Structures are given as C-alpha cells and as structure tokens.
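Numbering (mature numbering (1 follows the signal peptide of the UniProt record, and there is no 0)), first residue to last: -26 to -1, 1 to 347.
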C-alpha cells in the first residue's frame, strides 16, 4: 500500500537525485559582471598580473625624462585594424606628453621576416625605446636580442620573444585580459543561445600567445559551464587575409553542419568573414561572438545583426601604459614584469560606454547612425 508518507519520501529522494545529477548552468550575467573585477590572464612566462593603475610617473620623473631627448619606435605586427591604430594613438599621445619623439611606426603585415627587416632598419636610427608586438616569438627573437644588447629599452604588447626575461632583455609586457575576454565571449554566446545549441570555432592557427589564450578560455568555459552547448566544428586560420580565410572556414562549417547555431571568431576581422559567410548562406539567425571592438562588428551589433556580444580590449589605455613603462626603463625604475587591463564585455546595450573605454573617444558617426543616434 502506497501511503502519503511513502509518496513524500519518494519525492524527496527524486528531488535530491535531480539536484545531484543535474548539470550546473552558469548565470551569464553574473559571470560577466564578475569578470570585470579581476584579471584571469597570466603573463607570457606565467607572471601574475599587475594593474595598469599601478604604473605611474611623478612630476619629477617626467622632468627627468623630458631632459633625456629620448626617441622611440613602434614596431607593429599588423597595422590594419582598429585595435592597432588605438594602440599607436595611445603610445603617441603619451610619448608626446613625456617629451619623447616617435621616429618610426612600422607594420609587418603579420610576416616575421618583414618585422625582422623593420627592426634592422630602425636600429640604424639608434632609438632609445622600441615598443613592439612580435609576429612570431621564435623567428623574431634574434633581432630583438640585438636591440636589447645595444641598450634599447624594450616594452612588449601581448607577445614576448622566446627566451626573454622581464627585467633583463625587456622592461615589461602589457596586455588586455585575453583569457578573460575569451571567457566573456563564451558567456555572451551562451546567453544569446539560451544555454544550448551547436557551435563552431574559428581560431588563430599560429604560435601567438594572446590568441591562444582566447581560444583556450572560450573552449574551457563552454565545456565547464554550458554542457548543452556542443562544439561540433573548429577551423584555424593563418592569414594574412584573416577575413577571407574566416569566410571560407565558416562557409565550410555551415555547409557541413546545417544545425549550427553559432560561430565564435578569435577577433573582429575574422568575425567580419564569418558575417559574410552567414549572409551568403542565408543564416540570419546565426549567433556570432568575438573579441575586439572594431567598427564593423560594432555596426553589426548596433543594428541588431549577427554580432550579439564581444569581449573588448582597451588598446588606447594599453598604449599609454606601455609608453609609461618605457619611461621606467629610461629612469632605471623597477617595473612589474606583466601588466594587464581587465576584460570588457560589450553588447548593444553597452556599446557607447564600451567604445569610450576602448578608444578614449566618442563612437564613430557610422556606429552612432547604426544605433539610431
């Protein structure tokens, strides 16, 4: 005979079983808010991050630097995106405030051999400082070592040459929280999909520290927090035509996986290629998340298009911090080995504030028009 007491006991056991067996789903909004309170990334050599706010120069420091008549070169891996231009803007603005003349800005087009040639050309001008991001940590190491041996103060953004040690060959490296931004883009994907679906990943097929962090963080977050989201396709791209390569990769994914609900792209330029593929395939329902707040992905987001959210870096502030650390090198001042700026999740609702944080300026006219402003 089944009594009321038996039914209650059975229900309690069933509820307990469910609570143990049911997967724990993350709350994307809570997770995104928490991300902005700390930095998840470690430095290229496993260093704990120092806050950008800890990097300061006193009036006395600035006076000393201005009296040195120092010169600087900015050696980029690639200059053809909004992130690079914002970095350069931040560097040039802060160097001007420090009385440091920028004698060269180069763009290697993501080619290590071109960057090595750029460094050799710049060294003939005997710069006091080089701020750079290596295209390849191994292939460019000898050229950077020659600069360090000549007494040039080196500050790196994001990536560091192989075998280099902070405080020895270079002053410091500065980065966004790329791991944190990978986590942010995963939570934004999950939120847009309602916690379930099939997705594909377009990652950077190169030995590039920061893009590897993004990719690893996105995958780990989906696996740990969203068991009903399945990664069913992955494709690496090598460039230099990152948008075109991503277009081809996404097209192949959509053809092979007709039930695909979303695609993650490792930064905004590949995301533009994914948008193109989705349009050609007639997949207006496809969800795309990425990292880096370029103008084109911002416009898509503003219009309620494919881009549902992204993790943004703060490149202008990063450039300012790099220039200040170069000042540390000139002064012989002890610098932190690795400095990081927190992740910045951006959606359509936070686009204006996000743009200001990223670029230190108002959104472009195109972005404002897309927002109906």
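All C-beta atoms in this analysis are idealised placements derived from N, C-alpha and C, irrespective of residue type, glycine included. Quick caveat: nothing in here was measured; it's all calculated off a predicted structure.
Spatial distance of residue i from residue j (CA atoms)
{"i": "residue 193", "j": "residue 54", "result": "27 angstroms"}
{"i": "residue 407", "j": "residue 188", "result": "A question about residue 407 goes unanswered here, because the residues of the chain that appear run from -26 up to 347."}
{"i": "residue 69", "j": "residue 26", "result": "17 angstroms"}
{"i": "residue 36", "j": "residue 250", "result": "48 angstroms"}
{"i": "residue 325", "j": "residue 272", "result": "7 angstroms"}
{"i": "residue 28", "j": "residue 11", "result": "16 angstroms"}
{"i": "residue 254", "j": "residue 124", "result": "53 angstroms"}
{"i": "residue 241", "j": "residue 152", "result": "11 angstroms"}
{"i": "residue -9", "j": "residue 294", "result": "Because residue -9 carries a pLDDT of 30, less than 50, the predicted location of this residue cannot be relied on, and no value is offered for it."}
{"i": "residue 335", "j": "residue 119", "result": "36 angstroms"}
{"i": "residue 216", "j": "residue 245", "result": "9 angstroms"}
{"i": "residue 184", "j": "residue 133", "result": "7 angstroms"}
{"i": "residue 167", "j": "residue 159", "result": "12 angstroms"}
{"i": "residue 5", "j": "residue 62", "result": "32 angstroms"}
{"i": "residue 143", "j": "residue 47", "result": "17 angstroms"}
{"i": "residue 178", "j": "residue 190", "result": "11 angstroms"}
{"i": "residue 263", "j": "residue 195", "result": "14 angstroms"}
{"i": "residue 112", "j": "residue 138", "result": "10 angstroms"}
{"i": "residue 1", "j": "residue 121", "result": "48 angstroms"}
{"i": "residue 256", "j": "residue 207", "result": "19 angstroms"}
{"i": "residue 127", "j": "residue 327", "result": "35 angstroms"}
{"i": "residue 274", "j": "residue 258", "result": "12 angstroms"}
{"i": "residue 103", "j": "residue 146", "result": "12 angstroms"}
{"i": "residue 198", "j": "residue 309", "result": "36 angstroms"}
{"i": "residue 22", "j": "residue 338", "result": "35 angstroms"}
{"i": "residue 278", "j": "residue 91", "result": "44 angstroms"}
{"i": "residue 290", "j": "residue 3", "result": "26 angstroms"}
{"i": "residue 204", "j": "residue 18", "result": "30 angstroms"}
{"i": "residue 24", "j": "residue 229", "result": "45 angstroms"}
Given residue i as reference, the closest of the options once Cα atoms are compared
{"i": "residue 87", "options": "117, 76, 62", "result": "117"}
{"i": "residue 42", "options": "241, 19, 214, 304", "result": "304"}
{"i": "residue 108", "options": "262, 274, 165, 180", "result": "180"}
{"i": "residue 280", "options": "58, 345, 236", "result": "236"}
{"i": "residue 292", "options": "257, 328, 333", "result": "333"}
{"i": "residue 313", "options": "3, 7, 14", "result": "14"}
{"i": "residue 51", "options": "200, 142, 135, 2", "result": "135"}
{"i": "residue 202", "options": "186, 331, 213, 164", "result": "164"}
{"i": "residue 140", "options": "322, 85, 307", "result": "307"}
{"i": "residue 214", "options": "243, 4, 200", "result": "243"}
{"i": "residue 56", "options": "339, 267, 328", "result": "267"}
{"i": "residue 218", "options": "146, 156, 239, 33", "result": "239"}
{"i": "residue 20", "options": "205, 101, 311, 98", "result": "311"}
{"i": "residue 7", "options": "161, 16, 33, 84", "result": "161"}
{"i": "residue 99", "options": "331, 67, 79", "result": "79"}
{"i": "residue 270", "options": "329, 227, 84", "result": "329"}
{"i": "residue 170", "options": "200, 327, 102", "result": "200"}
{"i": "residue 33", "options": "1, 71, 23", "result": "71"}
{"i": "residue 351", "options": "198, 22, 24, 60", "result": "Missing from the structure shown is residue 351; the chain here goes from -26 to 347 and no further."}
{"i": "residue 186", "options": "58, 228, 278, 265", "result": "265"}
{"i": "residue 16", "options": "150, 3, 85, 84", "result": "150"}
Residues near residue i in its chain [Cβ-Cβ closer than 7 angstroms; skip 5 each side]
{"i": "residue 223", "result": "176, 209, 211"}
{"i": "residue 296", "result": "65, 105, 129, 131, 148"}
{"i": "residue -3", "result": "Caution is warranted here: a pLDDT of 46 is assigned to residue -3, below 50, making its placement in the model unreliable, and no coordinate value can be reported."}
{"i": "residue 233", "result": "172"}
{"i": "residue 276", "result": "322, 325, 341, 344, 345"}
{"i": "residue 73", "result": "39, 40"}
{"i": "residue 231", "result": "172, 174, 206, 207"}
{"i": "residue 182", "result": "133"}
{"i": "residue 84", "result": "51, 52, 109, 213, 214"}
{"i": "residue 227", "result": "174, 207, 209, 234, 237"}
{"i": "residue 58", "result": "50, 52"}
Residues near residue i in its chain [Cβ-Cβ closer than 6 angstroms; skip 5 each side]
{"i": "residue 31", "result": "298, 301"}
{"i": "residue 89", "result": "82, 109, 114"}
{"i": "residue -6", "result": "In this prediction, residue -6 has a pLDDT of 33, which is less than 50 and means its spatial position is unreliable; what the coordinates show is noted afterwards. Contacts found: none."}
{"i": "residue 360", "result": "Look at the range of the chain in this structure, -26 to 347, and you will see that residue 360 is not part of it."}
{"i": "residue 154", "result": "9, 14, 317"}
{"i": "residue 96", "result": "47, 78"}
Supposed close pair residue i, residue j - CB separation, criterion 8 angstroms
{"i": "residue 247", "j": "residue 220", "result": "3 angstroms"}
{"i": "residue 283", "j": "residue 319", "result": "7 angstroms"}
{"i": "residue 49", "j": "residue 93", "result": "6 angstroms"}
{"i": "residue 315", "j": "residue 288", "result": "5 angstroms"}
{"i": "residue 101", "j": "residue 45", "result": "5 angstroms"}
Residue-level contact to chain D via CB, residue i, 7 angstroms cutoff
{"i": "residue 216", "result": "In the displayed structure, chain D is absent; only one protein chain is listed."}
Which residue spans inside the segment 153 to 199 form an unbroken beta strand (DSSP E) run of at least 3? 171 to 178
Which runs of the beta strand (DSSP E) at least 3 residues long sit entirely within the segment 78 to 159? Give them in chain order. 103 to 106, 127 to 131, 146 to 150
May I have a chain-ordered list of the alpha helix (DSSP H) segments no shorter than 4 residues that lie completely inside the segment 280 to 335? 289 to 305, 325 to 333
Beta strand (DSSP E) segments (min. 3 residues) lying fully within the segment 193 to 256: 203 to 211, 236 to 239
Write down every uninterrupted run of the alpha helix (DSSP H) in the segment 29 to 58 whose length is 4 residues or greater and which is fully enclosed by it, in chain order. 33 to 40
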